[in-house]
Every structure is written in C-alpha cells, then in structure tokens.
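Student:
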Amino acid sequence: KLAAFTVKIGYPDKWLDYSLLQIDRGPFVLNTVRAEKFEADRDVNKIGKPVDRTDWGMTPPTVNAYYNSNMNEIVFPAGILQPPFFYPDADDAVNYGAIGAVIGHEMTHGFDDQGRQFDARGNLRDWWTPKSAEEFKKRSGAIVQQYNEYEPLPGLHVNGELTQGENIADIGGVKLAYAALQKALDKHPEERGKKIDGFTPEQRFFLSFAAIWRSKIRDEDQKLRLKTDPHSPAQYRVNGPLSDSPEFQKAFNIPDGSPMVRRADKRVNIW
C-alpha cells in the first residue's frame with residue numbers, strides 16, 4: 019500500500035475553471051452561497067463519470083496537507099511549503115523536524131485506525147490478517163489511554179478515542195522524519211554532531227517540530243475543540259509524541275522520571 023501512494027506537491031496538473039462562478043461587489047453572503055453552489059454542482063457532475071485521480075481537495079495556497087484514503091494519496095499544497103514548515107535556507111535537521119514530520123504524519127494516516135481499512139487502491143475492505151489487526155488494536159488502545167490522561171483545562175480531558183487517528187499520525191510522523199534525518203546524516207557524516215546556535219542536529223530537529231505547533235487559543239475555543247476536533251490540542255501534539263520518544267530523551271539527556279519521559283512500559287509504539 020505504501021508503495022502505491024500517489025504524492026501531490028505544490029499545485030494540481032490542471033487548474034479548475036472558475037469562469038462560471040459569479041463574484042461581485044454585492045453582499046458577501048451571496049458570494050459565499052454562489053461559491054458553495056459552484057462546489058456542490060461540481061461534485062454532482064462527477065456522478066457516473068470516471069474518477070479523476072488528478073483532482074485536489076485543497077487549493078494551492080492552503081496551509082495544510084492531507085491523506086485521501088479513497089485515492090491512497092498524500093497531498094501537500096504550496097501553502098505549507100513555507101516557514102515555519104519549510105525553510106529553503108535552513109539546515110536539514112530543521113526541515114526534517116518540520117515539513118518532514120508533516121509528510122510522515124500524512125503517510126501514517128494511511129495506516130491509522132481509519133486509513134488502515136482501505137487497501138492500496140482505496141477500496142474499503144478488510145485486508146489485514148487477524149493477528150495484525152489484533153496487535154494494532156492493542157497498541158492503538160494504549161494511545162487512546164495515554165491521551166485520555168491529558169487535561170488541557172481543569173476537569174476537561176482530551177478525548178483519546180476522537181483524536182486517535184491524528185495522535186497515531188503525529189507519533190508516526192515524528193518517527194519517520196527522525197529516521198529520515200538519520201539517513202541524511204549518514205550520507206553527510208561531517209554534519210553529525212555539528213552544533214548550530216548551541217544545538218545538535220537531533221536537538222534542532224525536535225525544537226523545529228515543537229515550533230510548528232506554537233499557538234494561542236482562548237479557553238472557550240479550547241472547550242469546543244475538545245468536543246469536536248479530531249486533533250489533540252497543540253501542546254499535546256508536541257508533548258505526546260516526544261514523551262514517547264527514546265530519541266528525544268537521548269537528544270536532550272533527560273533523566274528517567276521527568277515529565278517529558280514516559281516510563282518504558284508506558285511508551286506507545288505502533289509503527
């Protein structure tokens with residue numbers, strides 16, 4: 019399935035024709051309604067026609083990325099290929115920690131609790147052996163339990179079941195990106211151990227990963243997101259995966275028992 023991934027980067031091969039969409043200086047709400055109708059009509063017109071595998075679900079300026087299980091594709095619009103996710107002039111460690119983790123995140127979605135149910139062609143079917151499925155459920159259950167423990171607001175916990183797929187992808191994304199960084203350093207051994215601003219490549223990697231999730235949010239919005247957002251709050255998108263990472267502990271020489279180091283028997287590991 020991984021070998022069958024389609025990768026889309028930057029912008030689509032063909033542009034969407036918006037000539038039939040009427041936008042004027044009238045009421046904003048009417049422009050919005052017309053835009054929504056335009057998209058709805060476009061979807062309806064797809065019925066009964068061959069699937070267009072070149073189609074994109076996001077516009078190029080969008081600062082986001084996604085995995086599409088029906089197409090088995092990962093998509094990275096141009097909008098996310100800029101700071102703080104990608105720096106053209108930064109060293110490898112910084113970019114592997116940022117855009118590298120995003121790429122790994124989307125790849126892992128193909129094998130999370132939802133994505134794993136689709137095969138290499140995007141068909142919804144049970145293609146796993148019973149043993150593999152059982153082991154996956156056991157390990158993913160540990161992730162649910164870990165994130166259920168997080169309490170961003172007094173008396174309000176993260177919903178580990180709701181956020182399971184994104185948490186799996188966050189953890190897997192960091193692992194994949196870190197492994198890729200190590201391969202890059204193997205090719206350029208002169209960079210291994212080289213400090214920039216006092217930090218090793220491994221430390222810069224983890225700092226860069228943490229930086230992409232910097233955020234500020236009001237309590238009211240946080241309460242809403244805890245009930246509706248399949249993503250964990252930003253602080254746990256960082257602290258969750260890194261507290262499970264032996265590589266993070268080693269990079270910063272963090273002693274056992276520290277808040278950012280989960281006990282070895284409590285660390286989760288799916289991929």
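For the sequence shown, position 264 matches number 282 in our numbering, and the numbering has no gaps at all. Where is the CB? At the ideal position from N, CA and C, for every residue including glycine. Just so you know, these numbers come straight off a predicted model, no measurement behind them.
(1) Would you report the Cα separation of T218 and E265, rounded to the nearest angstrom?
(2) Ordered along the chain, which non-local residues of its own chain (more than five positions away) have a Cβ less than 6 Å from that of N88?
(3) Looking only at C-alpha atoms, which of G191, G97 and Y36 sits nearest to V81?
(4) Near T24, what residues of its chain come up, given a Cβ to Cβ distance below 6 Å and the 5 sequence neighbours on each side ignored?
(5) Does DSSP classify L38 as helix, strand or coil?
(6) Per DSSP, what are the beta-bridge partners of V51 in this structure?
(7) Starting from P95 and walking both ways along the beta strand (DSSP E), at which residues does that stretch end?
(8) Please confirm if the segment 234–248 is in contact with the segment 178–186, defined as three or more CB-CB distances below 8 Å between the two stretches.
(9) Apart from the five residues on each side of it in sequence, which residues of its chain come closer than 8 Å, Cβ to Cβ, to L199?
(10) With DSSP run on the structure shown, which of helix, strand or coil describes N257?
(11) Do A160 and E124 have their beta-carbon atoms positioned less than 8 Å apart in this structure?
(12) If you run the structure through DSSP and keep just helix, strand and coil, what is V192?
(13) Specify, as a first and last residue, the run of the alpha helix (DSSP H) that K26 falls within.
(14) Below 6 Å CB to CB, which residues in the same chain sit around L260 once its five sequence neighbours on both sides are set aside?
(15) Among Q253, H127 and I214, which one has its Cα closest to the Cα of L194?
(16) Between the Cα of L20 and those of L34, D137 and N63, spot the shortest distance and give me the residue it belongs to.
(17) With a threshold of 16 other CB atoms inside 10 Å of the CB of N287, please say whether the residue is buried or exposed.
(18) Taking the DSSP output, what are the residues bridged to L142?
(19) Give the DSSP-derived three-state secondary structure of Y114 in the structure shown.
(20) Taking contact to mean at least 3 C-beta pairs separated by less than 8 Å, is the segment 67–78 in contact with the segment 25–43?
(21) Just the Cα atoms here: how many angstroms apart are A197 and T50?
(22) Is the separation between the beta-carbon of Y168 and that of N185 shorter than 8 Å?
(23) Rounded to the nearest angstrom, what separates G275 and N257 at their Cα positions?
Tutor: On the basis of the supplied data:
(1) Approximately 13 Å between the Cα atoms of the pair.
(2) G140
(3) G97
(4) E91
(5) L38: coil per DSSP, three-state reduction.
(6) As computed with DSSP, V51 is found in no beta bridge at all.
(7) In the DSSP assignment, P95 falls within the beta strand (DSSP E) that extends over E91 to P95.
(8) yes
(9) D110, A111, Y114, G115, G118, P219, E220 and F223
(10) helix
(11) No, they are not a contact pair.
(12) helix
(13) Segment T24 to G28 is the beta strand (DSSP E) holding K26; no alpha helix (DSSP H) there.
(14) F266.
(15) Looking at the Cα atoms, H127 is the closest of the given residues.
(16) Answer by Cα proximity: D137.
(17) Looking at its Cβ environment, which holds fewer than 16 other Cβ atoms inside 10 Å, N287 is exposed.
(18) In the DSSP output, where bridge partners are listed per residue, L142 has F136.
(19) helix
(20) yes
(21) Each residue's alpha carbon lies about 44 Å from the other.
(22) no
(23) 15 Å
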